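Student: The structure's right below; bear with me while I get my questions together.
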Amino acid sequence: MENIYELYTPEELEMIHNSDQYTMFYAIMGQQLIDELGIEGESALREATRRYGKDRGAYRRQRHLDANVKINMKNLFSIGSDLPADPRFHGDQLRLIPEERNTHTLRCPMAELWIEEGYRYVGRLYCEEFHPACYSSYAFGYTKVGLAKTLTQIGDEYCAFNIVLRQEDLPEELKPVCFEHFDPYYTGQTHSIPKAEAKTGFNLLTLRVYYYMVEVVKERFGQEGIDALIHGLEKAAHYAADHLKIAAEKMGRTLDVAFVDANYPLYWNPDEDPVWEQYNRHGAKELLKEAFYPILKKDLGL
Numbered sequence: 034m035e036n037i038y039e040l041y042t043p044e045e046l047e048m049i050h051n052s053d054q055y056t057m058f059y060a061i062m063g064q065q066l067i068d069e070l071g072i073e074g075e076s077a078l079r080e081a082t083r084r085y086g087k088d089r090g091a092y093r094r095q096r097h098l099d100a101n102v103k104i105n106m107k108n109l110f111s112i113g114s115d116l117p118a119d120p121r122f123h124g125d126q127l128r129l130i131p132e133e134r135n136t137h138t139l140r141c142p143m144a145e146l147w148i149e150e151g152y153r154y155v156g157r158l159y160c161e162e163f164h165p166a167c168y169s170s171y172a173f174g175y176t177k178v179g180l181a182k183t184l185t186q187i188g189d190e191y192c193a194f195n196i197v198l199r200q201e202d203l204p205e206e207l208k209p210v211c212f213e214h215f216d217p218y219y220t221g222q223t224h225s226i227p228k229a230e231a232k233t234g235f236n237l238l239t240l241r242v243y244y245y246m247v248e249v250v251k252e253r254f255g256q257e258g259i260d261a262l263i264h265g266l267e268k269a270a271h272y273a274a275d276h277l278k279i280a281a282e283k284m285g286r287t288l289d290v291a292f293v294d295a296n297y298p299l300y301w302n303p304d305e306d307p308v309w310e311q312y313n314r315h316g317a318k319e320l321l322k323e324a325f326y327p328i329l330k331k332d333l334g335l
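Okay, so the sequence shown: first residue is 34 according to our numbering, each after it adds one.
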């Protein structure tokens, strides 16, 4: 692995730290569900990942509709991304038109980290479930997602995406919503949609994927499921603290609350996070406060 501290600016490093912590939060929590709950735990993780994907797709769609942006593949992948840009990511965009996006991902930092840390299987699960759910949800359920190769699959050298939205598949009322040539009175995008920033972007992703894990586990399991979530949160807290310490040392920074808030996706004080106003159900925030934060703060000495 490259030495990121020799290659990237402090601002880029904050983005990388948030990205890697989000990546590992999902992996640690997901693996714990599989380890403790078996095949039913994996089923719950897959469903939670799909719900998370559908939520992100619907969120992107609504932001586009609010800005009078047509709901199609070109706009999905070029206007107002909810995933902060990672400088380590590298891919070839082979085709991007309203009906289709065809790409090869040559380097994915998430896949690299999952493999390095021993979570390849959970990473593969994420790829299988998240992408179809997200892109289909964005376009009202009419997107077709082809994922022929993934970097989380042994033997694959890249991720091969072919994502299509065919106008012929749409009902008449959605054609002008998705494609300009069906809307002769279209006046264009009304306002810009900013790309996601490191902290706020990954906070929104981490909180939501965790929320849907809690939601599905509480639907399907009793105390056994809650215990699995608690054990996952405890492990995630230890991992977060260990890597925040390393990050502060490598950057020559003081390990304080300000550093943690800038380099970890979840807020230091969850009661100050406005995103919880929408997702504070199933006791998700309370469980996080009880099982995750005490360990994180103790390990960090803060």
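We treat Cβ as the ideally placed atom computed from N, Cα and C, and that holds for glycine.
As the structure is a computational prediction, the values presented were derived from the model and not from experiment.
Among Leu329, Ile67, Val290, Gln256, which has the Cα closest to the Cα of leucine 158?
Tutor: Ile67
Student: If we cut at 8 Å on Cβ distances, does glutamine 95 have a partner in chain C?
Tutor: Structure shown: chain C not included; a single protein chain is present.
Student: At which residue ranges does the region 268-299 contain complete alpha helix (DSSP H) runs of 4 or more residues, listed in the order of the chain?
Tutor: 290-296
Student: Is the beta carbon of leucine 329 sitting closer than 8 Å to the one on alanine 274?
Tutor: The answer is yes: Cβ separation under 8 Å.
Student: Starting from the C-beta of lysine 322, find all residues in its chain whose C-beta is less than 7 Å away, skip the five residues before and the five after it, and write them out in chain order.
Tutor: Pro303
Student: Of the choices Leu98, Glu47, Met48, whose alpha-carbon is the least far from that of proline 209?
Tutor: Leu98
Student: Taking only runs of the beta strand (DSSP E) that begin and end inside the region 79-132, which ones reach a length of at least 3 residues, in chain order?
Tutor: Whole beta strand (DSSP E) segments, 3+ residues: 123-130.
Student: Kindly provide the ranges of any alpha helix (DSSP H) runs that are 4 or more residues long and lie completely inside the region 223-260, ordered along the chain.
Tutor: Runs of the alpha helix (DSSP H) inside the region 223-260: 231-253.
Student: Candidates Pro131, Pro43, Leu238, Tyr272: which alpha carbon is nearest phenylalanine 163's?
Tutor: Leu238
Student: So if DSSP puts glycine 179 in a beta bridge, which residue, or which two residues, is it bridged to?
Tutor: Asn195
Student: Let me confirm a value: glutamine 65 is counted as buried when at least 16 other C-beta atoms fall within 10 Å, else exposed. Which label applies?
Tutor: buried
Student: Can you give me the C-alpha to C-alpha distance between histidine 50 and asparagine 296, rounded to a whole angstrom?
Tutor: 6 Å
Student: Out of curiosity, what's the CA-to-CA distance linking glutamate 44 and alanine 229?
Tutor: 14 Å
Student: Apply the 10 Å Cβ neighbour rule to glycine 221 and answer buried if 16 or more other Cβ atoms are within range, or exposed otherwise.
Tutor: Burial call: exposed.
Student: Note down, in chain order, each residue of its chain lying with its Cβ closer than 6 Å to the Cβ of arginine 253, except the 5 sequence neighbours on either side.
Tutor: Ala77
Student: So, under 8 Å CB-CB, proline 298 and lysine 232 are touching, yes? Tell me the CB distance rounded to an integer number of Å.
Tutor: Contact flag correct, Cβ pair sits at about 7 Å.
Student: Report the residue from Lys278, Ile187, Phe173 whose alpha carbon sits nearest the alpha carbon of leucine 109.
Tutor: Phe173
Student: Residues in its own chain within less than 7 Å of lysine 251 by CB, not counting five upstream and five downstream?
Tutor: Gly258, His315
Student: Going by CA-CA distance only, name the one from Gly334, Gln311, His271, Glu267 that's closest to tyrosine 33.
Tutor: Look at the range of the chain in this structure, 34 to 335, and you will see that residue 33 is not part of it.
Student: Within 10 angstroms of its Cβ, does serine 169 collect 16 or more other Cβ (buried), or is it exposed?
Tutor: buried
Student: Is the distance from the Cβ of phenylalanine 325 to the Cβ of alanine 270 below 8 Å?
Tutor: yes
Student: Check whether the Cβ atoms of alanine 317 and valine 247 sit closer than 8 Å, and answer yes or no.
Tutor: It is a contact, given that the beta carbons lie within the stated cut-off.
Student: Taking its Cβ as the centre, do 16 or more other Cβ atoms sit within 10 Å of isoleucine 130, making it buried, or is it exposed?
Tutor: exposed
Student: If you drop the 5 nearest sequence neighbours on each side, which residues of the same chain put their C-beta closer than 8 Å to that of aspartate 88?
Tutor: So the qualifying residues of the chain are Ser170, Arg241, Tyr245.
Student: So what's threonine 136 in DSSP terms, helix, strand or just coil?
Tutor: strand
Student: Taking 8 Å as the threshold (C-beta atoms), are arginine 121 and leucine 140 in contact?
Tutor: The question names leucine, yet the displayed sequence has arginine at residue 140. Going by C-beta atoms, arginine 140 is nearer than 8 Å to arginine 121.
Student: With a threshold of 16 other CB atoms inside 10 Å of the CB of glycine 86, please say whether the residue is buried or exposed.
Tutor: buried
Student: On the CB-based measure, 16 or more other CB atoms within 10 Å of its CB, does threonine 183 come out buried or exposed?
Tutor: buried
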